[in-house]
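Single-structure report; data block below.
Numbering (this note's numbering), first residue to last: 278 to 332.
This is how it looks when you write it as structure tokens:
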């Protein structure tokens with residue numbers, strides 16, 4: 278359960294939020310941001326229902 282919550286938090290915090298902040302600052306390219314956000318979103322949609330269903 279904790280592992281699933283950690284993966285969900287990682288996908289939102291690192292892959293989506295950090296990628297958008299780095300894009301805003303101009304440190305990474307738009308294609309990299311799109312890829313990271315897509316991976317983060319897919320990962321979040323796969324993992325989150327499993328730990329939300331348990332509670």
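Beta carbons: idealized from backbone N, C-alpha and C, even for Gly.
Listed in chain order, the non-local C-beta contacts of residue 310 below 6 Å within the same chain comprise 296 and 300, local neighbours out to five positions each way being set aside.
The Cβ neighbour count for residue 313, taken over all protein chains shown within 10 Å, is at least 16; the residue is labelled buried. Annotation for residue 302: the continuous alpha helix (DSSP H) segment containing it runs 296-302.
With a cutoff of 8 Å on beta-carbon distance, residue 316 and residue 292 are scored as near each other.
Secondary structure of residue 305 (DSSP, three-state): coil.
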